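Protein chains in written order, with full-length UniProt numbering: chain A, 1 to 256; chain B, 1 to 154; chain C, 1 to 126; chain D, 1 to 635.
A virtual CB, placed ideally from N, CA and C, is assigned to each residue, including glycine.
Just so it is clear, the structure is predicted and the values come from calculations on it, not from any experiment.
Below you'll find the structure, written out as structure tokens, and then a few comments.
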Ligand SMILES: Cc1cc2nc3c(=O)[nH]c(=O)nc-3n(C[C@H](O)[C@H](O)[C@H](O)COP(=O)(O)OP(=O)(O)OC[C@H]3O[C@@H](n4cnc5c(N)ncnc54)[C@H](O)[C@@H]3O)c2cc1C
Ligand code: HEM
Ligand code: SF4
Ligand code: F3S
Ligand code: FES
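Here is the structure:
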């Protein structure tokens, strides 16, 4: 059953010029244990879309006009909250940052949940293991001594040192693109390392040694095999593999 | 629709708190990681030299026979070369395969069996190889002279 | 923790595929090495046995396999160096893709140097 | 059903909720309930900055900041509250820095500051650098930093739990509780998304921090999840909503999409141009031009487009021009928003101006509170143990128009105050008995909605609501357009009573939750329109073309909208309101009977919009004026 919707009004084209419309087919990997049992299956939907539409808009059309049971997370719709990481045409992307016209709408677009976390329903996965790893690396500023009365000073260069890794929105696109994470889900994963990096290289922080110790774990940074899937997947453009390499080097310097 | 149906793993209770498998901290993984790189760098030299001498220089693979090997190992330089190569490559390779086993063998039992097999293979091969290199006699008594390196007859 | 339901293949890029190749070649070399050490050990038994075994290697099929093995080693070695650069050179991660193409280029050059000679030995008769 | 017991329950894990949680969990047992993972709250979308008169880069003081806030809000600001906020701003920023927030730095290593709309030196002389920022990701950094601190202090979160009812000791919707009588909060009812299970949280204090309601409009900078839940929940329990007719339209949303491009762009030197390339703001605000308060700029833009001076093929948008700025400067200060323009419109901001148009952005109004964040149930009485903070609350520091960067400040200052006050109250207070079967109303509503076999589609009703609000209650409003909007909202409320969802399952039923959120949207939209219809003047974000001037004599007061049984003109609470002006004038216009809709039977509990059962009744609350007498607002 391929369902088709042709909604009249473009959801987002509004004021910005005349936008041509086209049809796209979404091939969604569905998993609805309560309704159809514990078997995942593919379902195709065809919707009409417009030039500025994102994949999220197409998913909304499916949910709102064709089948309300299609389930996914989303919130901000412009790539800053990290809710809607999913596997789009085989790669981890945010649905709200993928324009349909860039996805080659001639062929069905395959959409699957991110890999390596337990699937709850359709595109929704259980994020707990992901956040658990995040919490483990002590993702907060650690200082000793008395609080200063005014702000702690930090030069622009010191601030720049960890700028890249402050951008993380905890979307899990990186961790669930990592072939090592898929194997047994025990690896801390790139997102946790990125967030450790953010503090290890913050000149105000004094907890670097503890964090390095945590990541020196059997399931820590050493499991990374530099496959770069994480860097490729990060919607914030963070150089994840580079950050991981910097953490590894910091550990080696410390050990020798 | 339903172009295809594939099995999905059952979902654990989504409310159950997640627990990481108990793990170890410490520098072991760090050292092996560094070792992989250091040994890799050295192995490039050793293996390329080895391959060149054995397969490219002279008459290539056709030339390899007892005489050729014996000729090389009569020289302590090649003895040392091959010994270092054997050890480095075996440790490097064994550790590499260990990582792979860790990655893919999820069940603890399977993991254990595979690793035991791996370490056993390592010990056997390294011991055997080392013994052969050191206890090797290039001119075994009673062997037909045409099979031996030329210096045996002198 | 249950594993994810099977889906399509992840479409990673150069980084992922070079890792797959590195892993596959690594394992290939490892198993060859086991066999290689064992067969070389036969020199301890007697020249005859060794030559007999080595003799069986000297047919075209084994010659081709040998070429494959060399290819594996060459790739694994060059890519290994690339990985070391990614790890230790600050700009490594940025240029990893470029470096992979260099690895592939060097691989082709090396194999171009090695293969004709090797195949000549293998097929070229006495 | 599961039952939990905490001293303090906080609804919402955005900036306000987590700032409160940090204070409260330090003092007593606290739970934070959030329908999103905390880091996905919309505070993370805030870009430009958070202002405080640190005077790190140029002379500044909190008194100027207070004045700007009051003037920016077109004098509808409660000045005592604005004073508190401007004074505590400095510590609020320093607190965040000490928690680790990575602010941009000055050459001396101090927190850097930049210009922002409406923030001036010495009472309007010239723009001042007051906004502390981290590139154009200030909200992201605030949200992450607060979450990090919550991790550090082991704050207890219930993520992806939707609060669907706030329980009070007395039913206020009847309008029968006398003034001065003690009313207390006793807990909340929540719905766990992952399982569909109902959880009952018993609490001595409850803090509502559920954020905004921008999704009542079609074009909005707000997240899909900003559906005014907290406001609607309070309203349904009979608590008034203050000044909700004041909605801010941010001038620079990406045209057609509504995605926000921060005012920081203009703070860093970008210029707005019309279709002729003219810098039209010079005509509207000669002194601070593009950095005038948002209501003025948004109106000017809409005006240019109306007069045929828009840009683009349809002449329907305005251009935000950054092309004269250094590339390196853009990359350092505005990386994200330029990225938005590239990703979503395919525009290269280095070389091309960006098409922009006003987008619904911020609710100035909300649940009325005192300056200690206690919720008011009329002009003077607070509800024991109930607090509100953040965008869902109305202190009111923003009056009729919020200045940029004042909201991130608001959530930090009043979030902290709410956390402290709620915890201290809880420590001293006794447990309040829960009503009998407190969950039945919610359960009945959920079950009925989930199992109703056929009916209206949620998406259709929501689309029509958003469309009518955009068409009739946006930047420009008239009596006729607002009446149209009200009629539409009422008709949609009737249709809402028959919506049905397609997903009949229990686990992760977002279809069902969207239906409930639509109910919240309808309630909030109704209050917005009724308030706007009644306010026959133009002030701040509320512009009536039929009454284009500010009318201090008639309307220098806050609107208080109550939900009361049909036919009850003035609630007890209103009688205490200052009587100037047409008290409850909107009520007649607001009555659903005006639209001729048939009463529909409502489900148990306060339930969703129950057309024909309840009415929006208006009252007023005086504005607190301390130092600054209202003047004409000129820039
Ligand atoms: C694009 C954009 C840019 C902005 N830029 C700036 C800026 O530069 N400077 C500035 O000062 N202000 C800015 N603002 C305004 C400011 O960001 C917001 O007003 C402020 O962040 C609101 O914070 P909050 O804590 O009140 O709500 P939010 O951060 O929206 O959090 C709401 C929380 O409530 C929870 N919640 C909601 N409903 C329920 C429910 N029923 N049950 C349980 N939990 C619930 C949500 O899960 C969420 O955790 C901007 C706003 C936007 C949209
Ligand atoms: C020729 C020189 C060699 C170099 C430069 C080299 C380099 C490397 C490096 C750097 C790694 C680590 C990769 C990572 O951590 O991601 C590695 C892994 C590995 N190597 Fe080598 N190596 C060489 C030879 C060998 C040999 C001779 C063997 C076999 C005995 C071998 C087997 C492996 C294996 C099995 C792995 C693990 C692969 C994985 O975990 O993905 N390598 N090599
Ligand atoms: S590093 Fe990038 S991909 Fe990974 S969680 Fe953070 S933002 Fe997402
Ligand atoms: S994908 Fe995984 S292997 Fe390393 S480089 Fe990224 S963490
Ligand atoms: S919906 Fe927020 S990142 Fe996509």
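Please report the residue range of the beta strand (DSSP E) in which residue i lies.
i	result
residue 203 of chain D	197–208
residue 132 of chain D	126–132
residue 560 of chain D	557–565
residue 635 of chain D	It is not in any beta strand (DSSP E) - residue 635 of chain D carries neither H nor E in the DSSP assignment.
residue 272 of chain D	271–273
Quick one: what's residue i bridged to in DSSP?
i	result
residue 368 of chain D	D/394
residue 192 of chain D	D/161, D/197
residue 85 of chain A	A/94
residue 618 of chain D	D/561
residue 121 of chain D	D/126
residue 51 of chain D	D/131
residue 384 of chain D	D/184
residue 121 of chain A	A/124
residue 248 of chain D	D/362
residue 496 of chain D	For residue 496 of chain D, which the question treats as bridged, DSSP gives no partner whatsoever.
Tell me whether residue i is buried or exposed, calling it buried when 16 or more other Cβ atoms sit within 10 Å of its Cβ.
i	result
residue 534 of chain D	buried
residue 364 of chain D	buried
residue 17 of chain C	exposed
residue 12 of chain A	With a pLDDT of 43 at residue 12 of chain A, under the threshold of 50, the predicted position of this residue should be treated as unreliable, and no value is reported.
residue 498 of chain D	exposed
residue 110 of chain D	buried
residue 142 of chain D	buried
residue 433 of chain D	exposed
residue 107 of chain B	exposed
residue 117 of chain B	exposed
residue 153 of chain D	exposed
residue 182 of chain D	exposed
residue 57 of chain B	exposed
residue 447 of chain D	exposed
Which residue marks the beginning of the alpha helix (DSSP H) containing residue i, and which one marks its end?
i	result
residue 71 of chain D	62–72
residue 203 of chain A	Run containing residue 203 of chain A: none; DSSP gives neither H nor E here.
residue 24 of chain D	15–27
residue 118 of chain C	96–123
residue 130 of chain A	128–136
residue 35 of chain B	28–51
residue 142 of chain B	Residue 142 of chain B -> no alpha helix (DSSP H), and no H or E assigned at all.
Quick check: does the Cβ of residue i come within less than 7 Å of any heavy atom belonging to ligand 7?
i	result
residue 189 of chain D	Ligand 7 is not part of this structure, which contains only ligand 1, ligand 2, ligand 3, ligand 4 and ligand 5.
So the candidates are the options; which of them puts its Cα closest to the Cα of residue i?
i	options	result
residue 202 of chain D	D/30, D/285, D/226	D/30
residue 105 of chain C	C/46, C/116, C/74	C/74
residue 156 of chain A	A/253, A/202, A/66, A/107	A/202
residue 408 of chain D	D/630, D/214, D/389	D/389
residue 506 of chain D	A/71, A/61, A/188	A/71
residue 150 of chain B	B/131, B/70, B/26	B/70
residue 130 of chain D	D/268, D/13, D/224, D/146	D/268
residue 120 of chain A	A/34, A/23, A/26	A/34
residue 461 of chain D	D/265, D/360, D/217	D/217
residue 159 of chain D	D/537, D/37, D/377	D/37
**Report entry** Positions along the stretch 15–34 of chain C whose CB lies within less than 8 Å of some CB in chain F
**Finding:** Here the protein chains are A, B, C and D, and chain F is not one of them.
Report task. Enumerate, from N- to C-terminal direction, the unbroken alpha helix (DSSP H) stretches of 4 or more residues contained entirely within the stretch 416–478 of chain D. Result -> 440–451, 458–472
Query raised in the report: Which parts of the UniProt domain "2Fe-2S ferredoxin-type" (22–117) of chain A are runs of the alpha helix (DSSP H), unbroken and 4 residues or longer, counting only runs that do not cross its ends?
Result: 33–36, 55–61
Query raised in the report: Can you list, in chain order, the stretches of the alpha helix (DSSP H) that have 4 or more residues and sit fully within the stretch 290–371 of chain D?
Result: 294–306, 327–333, 335–340
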